[in-house]
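Participant: For the sequence shown, the positions run 1187 to 1585 when the numbering used here is used. Take a look at the following structure, please.
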Amino acid sequence: MANKNLTSAKRAKNDEFYTQFGDIQKEIEAYLDYDPDVFRGKVVYCNCDDPYESNFFRYFVLNFKKLGLKQLITTSYKPSPIANTQLELFCENDKPAKPKGRPKVTANKFIINNVHDIDSDGEFNLKDVAKQLKANKHNEWSPLEGDGDFRSAECIALLKQSDIIVTNPPFSLFREYINQLFDFNKKFVIIGNMNAITYKEVFPIIMENKMWFGPSISSGDREFEVPDSYPIAAAGWRVDNEGRKFLRIKGVRWFTNLDHGRRHQPLPLMTMKENLKYSKHKEVKGKRKYDNYDNYNAIEVPFTDAIPSDYDGVMGVPITFLDKYNPDQFEIIGMTKTWFGTATKKYPPQIQVNANGKRSEVTKLNDGATLRLSSPPTDQTYYVLKLTDFLNIDLCGDQ
């Protein structure tokens, strides 16, 4: 199921999750390992990033020459909880100072064309950038006419002149954001929740091999800074010594159409017979055969490492399979979602039986792949239909 924290964010439109500098650095440098010139001569646009608060801006401006960038553009959204509060936010470490005073509401545009050691102290750092922006030498720092929305005419104009888009887009607008990138045929590296691939606007792009997961995150959770106003009502949050709020988010992935080495690594597999005999998963080991879905012409493979190497038919795999997906080894042909339209049958209303024994009439069996059971389970939700028990398989989430 979708991550609780990000689901709440979508509902409340709390979209301000500030990506950590180290996570950005690790991801971008993985592309450099595969192609050292991937950013050379390119215009990078961070179109959801105020430089005062964005570690995307910090990473790219500090590595401007190393990457060989032609230009770096960042635009912010109005209002921002941090934007315009103080130039001292251009600090030398990898995180901004906590703002003081009441923030202004101007959306900004920063265009970096050149960077150098302006104060001649022997090294280039963010103080040099701040001084160059103040002096307006080779670079531009100006307010936007509008609110900085990535869908606005002035932001689209900047998008058109850019080569690679790198940012953390608003979670609640992820569909629109992805569509815009493809409408303008842009290369991109963006961060979001892995369950976004189940959207009917997003999955076909994955299936057609036009977008894939990035190389640096394949499991676990990641920590994001959130504004002071963000309601903390979930596990995995903390406040640091300077009063900043941080929240750990599960199911985070990078989405990209830049090639990388991990994408072409073959996934080592055992045969079906070997899996049934030696698998580390109790759901597979010791079974006579793999289960078949009742409403799809496919076998159920509950774990990516349980994919049988000698089976050429259709398999239902967890969403985390995409962390290991090699397009030279596998073909994605569909999804077990109602909107995709490949189910072989439609069920009438059924009785849902929760693990605590509570019963209710639902139609959830049509929401995904189902397994017919010989007897009801004792520790999970199942469904009863005409004296036959079914288990609805949710293929979303970390495994």
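Glycine included, every Cβ here is placed at the ideal spot set by N, Cα and C.
Got a sec? Which residues, its chain only, sit under 8 Å from Lys1212 by beta carbon, not counting five neighbours each side?
Facilitator: Translated into the one-based positions of the sequence shown, residue 1212 becomes position 26. Once the five neighbours on either side are set aside, the close Cβ partners of Lys1212 are Ser1402.
Participant: Can you grab the Cα-Cα spacing for the pair Asn1279 / Tyr1568, in whole Å?
Facilitator: For the purposes of this step, residue 1279 is taken as the residue at position 93 of the sequence shown. For the purposes of this step, residue 1568 is taken as the residue at position 382 of the sequence shown. Reliability of the predicted coordinates at Asn1279 is poor, the pLDDT of 44 falling under 50, and the value obtained from them is presented with this limitation in mind. Each residue's Cα considered, the two are about 52 Å apart.
Participant: What residue range does the beta strand (DSSP E) around Pro1329 cover?
Facilitator: Numbered from its first residue, the sequence shown carries residue 1329 at position 143. Segment Asn1325 to Pro1329, the beta strand (DSSP E) holding Pro1329.
Participant: By Cβ distance below 8 Å, which residues in the same chain neighbour Gly1502 in space, the five residues on each side in sequence not counted?
Facilitator: What you label residue 1502 is simply residue 316 of the sequence shown in a count that begins at 1. Closer than 8 Å at the Cβ level, and outside the excluded window around Gly1502, lie Tyr1479, Tyr1482, Ala1484, Ile1485, Glu1486, Val1487, Thr1522, Ala1555, Ile1579 and Leu1581.
Participant: What are the boundary residues of the beta strand (DSSP E) that Val1503 is part of?
Facilitator: On the sequence shown, residue 1503 is found 317 positions in, with the first residue counted as 1. Element bounds for Val1503: n/a, residue is neither H nor E.
Participant: Inspect the beta-carbon positions of Phe1507 and Thr1490 and report whether they are closer than 8 Å.
Facilitator: Locating residue 1507 in the sequence shown gives position 321, where the first residue counts as 1. Locating residue 1490 in the sequence shown gives position 304, where the first residue counts as 1. Going by C-beta atoms, Phe1507 is nearer than 8 Å to Thr1490.
Participant: Glu1387: buried (16+ other C-beta within 10 angstroms of its C-beta) or exposed?
Facilitator: The residue you call residue 1387 lines up with position 201 of the sequence shown. It is exposed - the Cβ of Glu1387 has fewer than 16 other Cβ atoms within 10 Å.
Participant: Around the C-beta of Tyr1238, are 16 or more other C-beta atoms found within 10 angstroms, so that it is buried, or is it exposed?
Facilitator: Taking the sequence shown and counting its residues from 1, the one referred to as residue 1238 is at position 52. The residue is buried, with at least 16 neighbouring Cβ atoms inside 10 Å.
Participant: Grab the span of the beta strand (DSSP E) containing Cys1232 for me, first residue to last.
Facilitator: For the purposes of this step, residue 1232 is identified with residue 46 of the sequence shown, where counting begins at 1. First-last of the beta strand (DSSP E) with Cys1232: Val1229 to Cys1232.
Participant: Which word fits Asp1565, buried or exposed, when buried means at least 16 other C-beta atoms lie within 10 angstroms of its C-beta?
Facilitator: Mapped onto the sequence shown, residue 1565 falls at position 379. The residue in question, Asp1565, is exposed, as its Cβ has fewer than 16 Cβ neighbours within 10 Å.
Participant: Going by the DSSP bridge assignment, what does Arg1408 pair with across the sheet?
Facilitator: Your numbering for residue 1408 matches position 222 in the sequence shown. Partner(s): Ile1435.
Participant: Report the rounded CA-to-CA distance for Lys1550 versus Asn1542, giving the unit in angstroms.
Facilitator: Along the sequence shown, read from residue 1 onward, the residue named residue 1550 stands at position 364. Along the sequence shown, read from residue 1 onward, the residue named residue 1542 stands at position 356. Distance between the alpha carbons of Lys1550 and Asn1542 is about 18 Å.
Participant: To which residues does DSSP link Asn1294 through a beta bridge?
Facilitator: Position 108 of the sequence shown holds residue 1294. Pro1329, per the DSSP bridge assignment.
Participant: Can you list, in chain order, the stretches of the alpha helix (DSSP H) that have 4 or more residues and sit fully within the stretch 1366 to 1396?
Facilitator: Segments of the alpha helix (DSSP H) lying fully in the stretch 1366 to 1396: 1389 to 1393.
Participant: In whole angstroms, give me the CA-to-CA distance for Lys1372 and Asp1335.
Facilitator: As a working note, residue 1372 is residue 186 in the sequence shown. As a working note, residue 1335 is residue 149 in the sequence shown. Going from the Cα of Lys1372 to the Cα of Asp1335 covers about 18 Å.
Participant: Looking at C-beta atoms only, is the number of pairs between the stretch 1493 to 1500 and the stretch 1449 to 1459 that lie closer than 8 Å three or more?
Facilitator: Yes, the stretch 1493 to 1500 is in contact with the stretch 1449 to 1459.
Participant: Thinking C-beta only, is Leu1433 closer than 8 Å to Gly1447?
Facilitator: The residue you call residue 1447 lines up with position 261 of the sequence shown. The residue you call residue 1433 lines up with position 247 of the sequence shown. No, they are not a contact pair.
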